[in-house]
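The sequence shown begins at 123 in the working numbering and counts up one residue at a time. Cβ atoms here follow ideal geometry from the backbone N, Cα and C, with glycine treated the same way. Keep in mind it's a predicted model, so treat the numbers as computed, not measured. Working notes for the structure below.
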Amino acid sequence: MEARITPLTLSEIWIYPIKSLAGISLTETELTSRGLKYDRRWMLIDANGKFMTQRSLPALALIDVKIEGESLLVSHRQKNLLPLLIPFKNDSSEPLTVQVWDDTMEALSVSAEADRWFSEALQPCRLVFQPESTQRKVDSRYASHGEITSFSDGYPFLLIGQESLNDLNARLESPVPMNRFRPNLVFTGGTPYEEDTWAAFKVGPQDFFGVKPCARCVLTTIDQTTSEKGKEPLKTLSKYRNWNNKILFGQNLLPGSITQSIKVGDLIEVSKVKEAPLQVEV
Numbered sequence: 123m124e125a126r127i128t129p130l131t132l133s134e135i136w137i138y139p140i141k142s143l144a145g146i147s148l149t150e151t152e153l154t155s156r157g158l159k160y161d162r163r164w165m166l167i168d169a170n171g172k173f174m175t176q177r178s179l180p181a182l183a184l185i186d187v188k189i190e191g192e193s194l195l196v197s198h199r200q201k202n203l204l205p206l207l208i209p210f211k212n213d214s215s216e217p218l219t220v221q222v223w224d225d226t227m228e229a230l231s232v233s234a235e236a237d238r239w240f241s242e243a244l245q246p247c248r249l250v251f252q253p254e255s256t257q258r259k260v261d262s263r264y265a266s267h268g269e270i271t272s273f274s275d276g277y278p279f280l281l282i283g284q285e286s287l288n289d290l291n292a293r294l295e296s297p298v299p300m301n302r303f304r305p306n307l308v309f310t311g312g313t314p315y316e317e318d319t320w321a322a323f324k325v326g327p328q329d330f331f332g333v334k335p336c337a338r339c340v341l342t343t344i345d346q347t348t349s350e351k352g353k354e355p356l357k358t359l360s361k362y363r364n365w366n367n368k369i370l371f372g373q374n375l376l377p378g379s380i381t382q383s384i385k386v387g388d389l390i391e392v393s394k395v396k397e398a399p400l401q402v403e404v
């Protein structure tokens, strides 16, 4: 492969411990077989055990999550609620059957206190945790070694290039931040949408495999600061990133053998490429 003038560099790392709530920016993180450590291991469910997201409840964006010692600290950006501390160690023995899209799996309740807090902040709901015993498999059409994931929509990692967002923003009247797309990994360097073609690559010491472009939904139209909903950037993306009636932005990843950690500043080395699903004029 040709040498690059500007190296590919990991520039941002994000985790979303509670699915569809605010993310946490990290400079370094450990990896697990089901995603970055703590990423989407907790989730809110309704009375039927179905997952809750900003797609139908944009107000989820208003709840901030921080790591505080060996716990998550949750707070509401607008409502006058005392912050809630959620220990990483979950002592609950109450199993619940929960659903994420077409996947049904076992989870553990967190606490009555957590259920009360989130019900007051949002609407009646429960907070659950995915234990190690739950092995949620990714789509068998794309898995190669029976890979698993957390409560993510379907894959353990999502990668987006900063140049891809820069190109999108050049087409918008008002630019949007990267948090509209909720990636785990962001990189600088390269060309817009180059990540579409990455079949095998390393981030620092960690091997990754690009398995499929990420199909985007209405969640990208929700302002992550105010929870207000609009039409962009989905409207503009649909004009040039539409493939088989799916609007693509970012690449879903599966990991190779798990290393200890990755960090911002790690160099990215691409070893194998594939054909992009669609050609984009940039």
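Terminal residues of the beta strand (DSSP E) in which residue i lies
i	result
LEU375	368–377
ASP225	225–231
GLU269	GLU269 -> no beta strand (DSSP E), and no H or E assigned at all.
ALA321	320–325
GLN252	Segment: none, GLN252 is in no beta strand (DSSP E) and carries neither H nor E.
SER383	383–385
PHE279	279–283
LEU207	206–209
THR128	From DSSP, THR128 is part of no beta strand (DSSP E); its letter is neither H nor E.
LEU143	Segment: none, LEU143 is in no beta strand (DSSP E) and carries neither H nor E.
LEU218	217–222
THR154	150–154
Pick from the options that is closest to residue i, judged by C-alpha positions
i	options	result
THR319	GLY372, PHE210, ILE140 and ASN306	GLY372
ARG199	GLU235, ALA144, ASP289 and SER272	ALA144
LEU179	PRO246, LEU204, TYR315 and ILE282	PRO246
GLY332	ASN291, ALA292 and PRO278	PRO278
ARG177	ASP329, LYS351 and PRO314	LYS351
ASP329	THR226, PHE251, VAL392 and LEU356	VAL392
LEU130	LYS324, ARG238 and ASN288	LYS324
MET227	ARG258, GLU235 and ASP237	ARG258
GLU285	THR358, SER147 and PRO314	PRO314
PHE309	ASP186, THR149 and LYS141	THR149
ALA292	SER231, THR358, GLU254 and LYS394	THR358
SER383	GLY326, GLU354, ILE140 and ALA229	GLY326
THR151	VAL395, ILE380 and ASP275	ILE380
Range covered by the alpha helix (DSSP H) that runs through residue i
i	result
SER133	Careful: SER133 lies outside any alpha helix (DSSP H), inside the beta strand (DSSP E) at 131–137.
GLU242	234–243
Same chain only: Cβ atoms within 7 Å of residue i, ignoring 5 sequence neighbours per side
i	result
PRO399	ASP318, PRO335, TRP365 and LEU370
PHE240	LEU166, CYS247 and LEU249
Rounded distance between the beta-carbons of residue j and residue i, thought under 8 Å
i	j	result
THR219	GLY283	So it is not a contact: roughly 38 Å between Cβ atoms.
ARG244	ALA181	Contrary to the premise, residue 244 reads as Leu rather than Arg in this sequence. Indeed, because the Cβ distance is near 6 Å, the residues count as touching under 8 Å.
PHE273	MET174	That belief does not hold up - the Cβ atoms of PHE273 and MET174 are roughly 11 Å apart, past 8 Å.
LEU281	LEU375	6 Å
LEU203	GLU242	7 Å
GLN252	ALA234	Not a contact, Cβ separation roughly 19 Å.
ILE146	LYS188	7 Å
VAL260	ALA321	The Cβ separation is near 17 Å, so there is no contact.
Close beta carbons around residue i, own chain, < 8 Å, minus the five adjacent residues each side
i	result
LYS211	GLU192
ALA337	LYS368, ILE369 and LEU370
SER214	LEU230, SER231, VAL232, SER233 and PHE251
Own chain, CB closer than 6 Å to residue i, minus 5 neighbours either side, in chain order
i	result
LEU356	THR342 and THR343
Could you tell me whether the segment 133–141 touches the segment 156–171, where touching means 3 or more Cβ pairs closer than 8 Å?
With a cut-off of 8 Å on Cβ pairs, the segment 133–141 is in contact with the segment 156–171, counting three or more such pairs.
Quick check: the segment 342–353 against the segment 300–318, are at least 3 beta-carbon pairs closer than 8 Å?
Short answer: they touch.
Check whether the segment 356–365 touches the segment 253–267, taking contact to mean three or more Cβ pairs, one atom from each stretch, closer than 8 Å.
In this structure the segment 356–365 does not lie against the segment 253–267, because fewer than three pairs of beta carbons, one per stretch, are closer than 8 Å.
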